[in-house]
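Undergrad: Sending over a structure as structure tokens; questions will come in a sec.
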Amino acid sequence: MPAIALLLTGFASAGSALVTARWDDAGVHVIDVVEGGGRLRPRGSATPPDPRWVSAPGGGIALRREGLGRWRVAWADAPSSSRPAAALGVPVLAPIPLHGTGPDDARLDLVILGDGYQEAELSRFSDDADAVLTALLSLEPWARHGNLLNVWRVDTASTASGISHAEFPTPLIRETAWSCSYGCQGVDRLICCDEAGMVEAVSAQIPAFDAILVLVNDPAYGGAGGFTYAAATNGVDGVDIAVHEVGHALVGLWDEYDYGLAGTGDLGPNCAADASSVPWASWEGEVGVGAFDGCSYDDLVRPTEEGCIMRTLDGDYCPVCRQEAMYAIFDKLPTLVGSTDPPIGTPIRDKGPTAVSLTPFDPALPWTIRWQVGDTVVGEGEQIDLACADVEGNLSATLTLVSEFVRDDPYGATWESVGAWPVDVGPCSGCGCSSGGSPWLGLLAVVGLGRRRR
Amino acid sequence: MTVPFLILGLFAVGLQIAAEWLGARAARAAAKVASSTAFVAVAYGVGALGTDHGRWLFVGLLLSWVGDVALLSDERRIFLGGIVAFLLAHLAYAGAFLTLGVHGPTVGIALVAIAPFGGLTMLWLRKGAGNLFPAVAAYVGAIEVMVALAYGVATPGLRPWPAAATLFFLSDLAVARERFRQSAFINRAIGLPLYYGAQFAFALSAGPLV
Numbered sequence: 023m024p025a026i027a028l029l030l031t032g033f034a035s036a037g038s039a040l041v042t043a044r045w046d047d048a049g050v051h052v053i054d055v056v057e058g059g060g061r062l063r064p065r066g067s068a069t070p071p072d073p074r075w076v077s078a079p080g081g082g083i084a085l086r087r088e089g090l091g092r093w094r095v096a097w098a099d100a101p102s103s104s105r106p107a108a109a110l111g112v113p114v115l116a117p118i119p120l121h122g123t124g125p126d127d128a129r130l131d132l133v134i135l136g137d138g139y140q141e142a143e144l145s146r147f148s149d150d151a152d153a154v155l156t157a158l159l160s161l162e163p164w165a166r167h168g169n170l171l172n173v174w175r176v177d178t179a180s181t182a183s184g185i186s187h188a189e190f191p192t193p194l195i196r197e198t199a200w201s202c203s204y205g206c207q208g209v210d211r212l213i214c215c216d217e218a219g220m221v222e223a224v225s226a227q228i229p230a231f232d233a234i235l236v237l238v239n240d241p242a243y244g245g246a247g248g249f250t251y252a253a254a255t256n257g258v259d260g261v262d263i264a265v266h267e268v269g270h271a272l273v274g275l276w277d278e279y280d281y282g283l284a285g286t287g288d289l290g291p292n293c294a295a296d297a298s299s300v301p302w303a304s305w306e307g308e309v310g311v312g313a314f315d316g317c318s319y320d321d322l323v324r325p326t327e328e329g330c331i332m333r334t335l336d337g338d339y340c341p342v343c344r345q346e347a348m349y350a351i352f353d354k355l356p357t358l359v360g361s362t363d364p365p366i367g368t369p370i371r372d373k374g375p376t377a378v379s380l381t382p383f384d385p386a387l388p389w390t391i392r393w394q395v396g397d398t399v400v401g402e403g404e405q406i407d408l409a410c411a412d413v414e415g416n417l418s419a420t421l422t423l424v425s426e427f428v429r430d431d432p433y434g435a436t437w438e439s440v441g442a443w444p445v446d447v448g449p450c451s452g453c454g455c456s457s458g459g460s461p462w463l464g465l466l467a468v469v470g471l472g473r474r475r476r
Numbered sequence: 005m006t007v008p009f010l011i012l013g014l015f016a017v018g019l020q021i022a023a024e025w026l027g028a029r030a031a032r033a034a035a036k037v038a039s040s041t042a043f044v045a046v047a048y049g050v051g052a053l054g055t056d057h058g059r060w061l062f063v064g065l066l067l068s069w070v071g072d073v074a075l076l077s078d079e080r081r082i083f084l085g086g087i088v089a090f091l092l093a094h095l096a097y098a099g100a101f102l103t104l105g106v107h108g109p110t111v112g113i114a115l116v117a118i119a120p121f122g123g124l125t126m127l128w129l130r131k132g133a134g135n136l137f138p139a140v141a142a143y144v145g146a147i148e149v150m151v152a153l154a155y156g157v158a159t160p161g162l163r164p165w166p167a168a169a170t171l172f173f174l175s176d177l178a179v180a181r182e183r184f185r186q187s188a189f190i191n192r193a194i195g196l197p198l199y200y201g202a203q204f205a206f207a208l209s210a211g212p213l214v
């Protein structure tokens with residue numbers, strides 16, 4: 023069986039998905055999610071944008087073939103490698119946290135590797151990694167939500183300084199840690215590295231990593247951005263290239279410039295085929311947002327004419343790309359809920375606490391919390407008190423992040439429905455008179471009162 | 005669903021009054037059905053079927069819908085059927101208030117206070133009602149009980165039921181004047197907003213009491 027790498031997101035709970043995969047000589051070419059469970063998030067007909075490549079079989083992932091090119095993937099929990107890395111001949115890495123805020127299975131994890139740095143040059147690699155991190159965290163939404171991002175640096179010395187150049191008339195081959203080389207696929211500035219080796223080594227240490235960025239110690243202009251790893255030179259514009267490529271690897275964005283080729287039929291989150299029906303319709307009307315010709319391919323359209331970092335290196339994220347980054351950041355969280363009181367499932371009855379509260383995982387962020395019994399909205403806010411509410415059904419809450427970076431969220435990355443609490447609360451009177459039960463008893467009481475008065 | 009139906013219903017009430025003024029019978033009928041359907045939809049939208057008192061109110065609103073349609077007819081038997089439907093609606097509303105819990109002494113005081121108005125109303129209508137008078141008298145008695153119970157509801161918080169029940173009572177006086185005393189546009193111009201104001205208030209209060 024070929025070494026399949028699967029792009030999956032949302033391992034918060036057990037689930038499974040049916041995927042189809044097509045291979046080419048370079049490995050997995052396209053994976054389509056045919057049918058998914060849990061919070062698995064397919065994106066178009068191509069690969070999801072914030073992938074977690076998981077070598078399979080192994081770890082918490084079970085893989086079963088279901089016909090030609092069809093695979094059933096099941097996971098019991100966040101994937102982890104159950105195999106000692108050394109046993110596989112995989113280099114044992116020592117990730118250094120550069121920017122860490124939480125466990126790797128609950129944060130978006132970017133791992134920065136270096137290639138072509140000799141032992142004596144590792145301090146430069148450290149500086150280069152810091153520069154990329156600083157640049158990344160200066161852009162929204164990373165600036166605001168940097169506390170949901172883990173960034174790791176892995177120091178791995180290469181034998182040679184600089185990387186290979188396959189594009190030279192006489193190819194220059196250098197022995198480096200991750201075998202990176204310019205001239206990949208016949209494109210001078212395209213850098214490719216040993217993807218399988220990097221994924222294997224990194225996943226052994228940071229099982230839930232989301233993307234790898236390889237900084238290459240070579241002044242030649244170049245980079246690459248796939249859905250697993252990105253690469254960038256440490257030469258001129260290297261930091262901007264790295265931030266652009268991270269947009270591919272961590273968020274799944276497509277290039278908004280044009281390769282001069284016709285598309286393959288696949289669509290990216292920021293590239294659409296039909297200008298009259300773009301997935302970013304909710305952003306139309308925003309200054310500069312529309313549908314402009316050329317987005318990776320000739321026959322696709324992009325959201326902004328100029329200024330997006332996925333098109334020009336000196337840009338910022340356009341609103342559509344920023345929203346995609348928000349999806350990536352929040353989709354990695356197992357839940358948006360910090361706590362509930364009482365716990366979910368606790369019956370809410372007349373004789374007992376009738377107040378229910380919900381605290382988001384980060385109360386400092388702006389949220390809306392809407393409470394419903396069945397389909398009926400019964401209140402908003404962090405707490406609801408159903409005393410005397412005369413209501414029966416299941417109470418649930420929908421927690422939604424309020425952010426100018428998100429206009430719509432069909433994936434549920436920035437909102438979550440929570441529940442249910444079974445509710446059966448009657449009305450109550452403040453005077454201890456006839457209340458609840460049969461109304462006919464109350465009627466008799468009134469009639470009796472009238473008789474006494476007569 | 006609630007807000008659109010509320011807006012639609014209030015708009016249809018306006019159309020109804022305009023149709024009354026213009027004497028456009030078909031438009032009046034269509035607007036009435038639309039208005040009355042809207043208060044039923046509003047009650048459903050706020051979750052009337054998920055609460056004990058809401059189910060009673062919902063039944064009352066459905067019966068009112070039947071009464072509204074029946075009262076469009078000039079046919080005496082159908083009109084009588086409409087009165088019966090409204091009478092049952094008042095009983096359903098009374099059931100809702102009893103479900104919520106009522107304060108007996110308050111109900112008693114309200115009954116005593118309302119009774120003279122009921123008596124005067126019956127005297128006022130006796131001649132015009134003719135052989136429909138027994139039905140009219142029963143109806144007046146039922147609405148008096150409903151109004152008194154609305155005042156007696158003991159559920160905490162500011163609730164719309166006393167005001168809604170009073171509006172309903174006053175709107176019925178306008179209907180009675182129209183049918184049994186003197187037909188005039190002013191009866192409808194005053195009665196329709198009172199009636200629909202009451203019904204939409206009942207509908208909006210049919211959901212969970214939070």
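Chains as they are written, first to last, in my numbering: chain F, 23 to 476; chain V, 5 to 214.
Glycine included, C-beta positions come from ideal geometry on N, C-alpha and C.
Kindly give me the distance between the Cβ atoms of F:Glu-162 and F:Arg-344, rounded to whole angstroms, as I take these residues to be in contact under 8 Å.
TA: 6 Å
Undergrad: For F:Gly-360, does the count of other Cβ atoms within 10 angstroms reach 16, so buried, or fall short, so exposed?
TA: exposed
Undergrad: How should F:Lys-373 be labelled, buried or exposed, when 16 other C-beta atoms within 10 angstroms of its C-beta is the threshold for buried?
TA: Exposed is the call here.
Undergrad: Look at F:Ala-377 and F:Gln-405 and say whether their C-beta atoms are less than 8 Å apart.
TA: yes
Undergrad: Between which two residues does the beta strand (DSSP E) carrying F:Phe-314 extend?
TA: Per DSSP, the unbroken beta strand (DSSP E) holding F:Phe-314 starts and ends at 311 to 317.
Undergrad: Given that a residue counts as buried once 16 or more other Cβ atoms are within 10 Å of its Cβ, and exposed if not, what is F:Gly-290?
TA: buried
Undergrad: Exposed or buried, what is F:Gly-464 when buried is set at 16 or more other beta-carbons lying within 10 Å of its beta-carbon?
TA: Any reading at F:Gly-464 must be qualified, since the residue scores a pLDDT of 45, below 50, and its modelled position is unreliable; the value itself is stated next. Buried.
Undergrad: Going by Cα to Cα distance, which pick from F:Val-209, F:Gly-316, F:Gly-260, F:Ala-264 is closest to F:Ile-234?
TA: F:Ala-264
Undergrad: Using a Cβ distance threshold of 8 Å, determine whether the stretch 416 to 432 of chain F contacts the stretch 341 to 356 of chain F, with at least three qualifying pairs required.
TA: yes
Undergrad: Which term fits F:Gly-337, buried or exposed, when burial requires 16 or more other beta carbons within 10 angstroms of its beta carbon?
TA: buried
Undergrad: Run through DSSP, which three-state label would F:Arg-129 get?
TA: coil
Undergrad: Does the stretch 118 to 134 of chain V come close enough to the stretch 89 to 96 of chain V to have 3 or more Cβ pairs within less than 8 Å?
TA: no
Undergrad: Which residues in chain F sit within 7 Å of V:Leu-61, going by Cβ to Cβ distance?
TA: Under a criterion of Cβ atoms nearer than 7 Å, no residue of chain F is adjacent to V:Leu-61; the nearest Cβ is some 11 Å distant.
Undergrad: From the DSSP secondary-structure annotation, give me the bridge partner or partners of F:His-266.
TA: Bridge partners of F:His-266: none, in fact.
Undergrad: Are the stretch 47 to 61 of chain V and the stretch 406 to 421 of chain F in contact at 8 Å, needing three or more beta carbon pairs?
TA: Yes, they touch.
Undergrad: Compare the C-beta of F:Asp-412 with all C-beta atoms of chain V and state if any pair is closer than 8 Å.
TA: yes
Undergrad: Say yes only if the C-beta of V:Gly-18 is nearer than 7 Å to one or more non-hydrogen atoms of the ligand SAH, and no if none qualify.
TA: Here there are no bound small molecules, and the ligand SAH is not part of this structure.
Undergrad: Could you tell me which chain F residues have their CB closer than 8 Å to the CB of V:Pro-120, listed as they occur along the chain?
TA: By Cβ distance, chain F contributes nothing, its closest Cβ being about 15 Å from V:Pro-120, past 8 Å.
Undergrad: Tell me whether F:Trp-305 is buried or exposed, calling it buried when 16 or more other Cβ atoms sit within 10 Å of its Cβ.
TA: Label assigned to F:Trp-305: buried.
Undergrad: Considering only residues of the same chain and omitting the five flanking positions on each side of F:Gly-329, which have a CB-CB separation below 6 Å?
TA: The answer, listed in chain order, is Gly-337.
Undergrad: Identify the contact partners of F:Arg-406 in chain V, using a Cβ-Cβ distance below 9 Å as the criterion.
TA: Inspection of the sequence shows that residue 406 of chain F is occupied by Ile rather than by Arg. In chain order, Val-214 make up the part of chain V whose C-beta sits under 9 Å from the C-beta of F:Ile-406.
Undergrad: What in chain F is Cβ-close to V:Gly-123, meaning under 8 Å?
TA: What V:Gly-123 touches in chain F: nothing, since even the nearest Cβ is about 15 Å away.
Undergrad: Answer yes or no: do F:Val-323 and F:Ala-294 have a C-beta to C-beta separation smaller than 8 Å?
TA: yes
Undergrad: Give the straight-line distance between the Cα atoms of F:Ala-409 and F:Val-447, rounded to the nearest whole angstrom.
TA: 7 Å
Undergrad: On the DSSP bridge assignment, give the partners of F:Arg-371 in chain order.
TA: Paired residue(s): F:Asp-446.
Undergrad: Using C-beta distances below 8 Å, list every residue in its chain close to V:Thr-110, excluding the 5 sequence neighbours before and after it, in chain order.
TA: Tyr-155, Gly-156, Ala-158
Undergrad: Rounding to the nearest angstrom, what Cα-Cα distance links F:Asp-137 and F:Gly-274 in this structure?
TA: 23 Å
Undergrad: So, is the C-beta of F:Pro-117 closer than 8 Å to a C-beta in chain V?
TA: F:Pro-117 does not count as touching chain V.
Undergrad: So with Cβ pairs under 8 Å, would you call F:Cys-330 a contact of chain V?
TA: no
Undergrad: Could you list which residues in chain V have their beta carbon closer than 8 Å to that of F:Gly-401, in chain order?
TA: Those within 8 Å of F:Gly-401 in chain V are Val-214.
Undergrad: I'd like the list of long-range same chain contacts for F:Gly-257, defined as Cβ closer than 8 Å, with 5 residues on each side in sequence excluded.
TA: Asp-240, Pro-241, Ala-242, Tyr-243
Undergrad: Inspect the beta-carbon positions of V:Ile-147 and V:Phe-172 and report whether they are closer than 8 Å.
TA: yes
Undergrad: How is the beta strand (DSSP E) around F:Asp-363 delimited, first residue to last?
TA: 359 to 363
Undergrad: DSSP three-state call for F:Glu-143: helix, strand or coil?
TA: helix
Undergrad: Sorted by chain position, which residues of the same chain lie with C-beta nearer than 7 Å to V:Met-150's C-beta, five sequence neighbours on each side aside?
TA: His-94, Tyr-97, Ala-98, Ala-169
Undergrad: Excluding sequence positions up to five away, which residues of its chain have a Cβ less than 6 Å from the Cβ of V:Leu-19?
TA: Within its own chain, the residues whose Cβ lies closer than 6 Å to the Cβ of V:Leu-19, once the five positions on either side in sequence are excluded, are Ala-35, listed in chain order.
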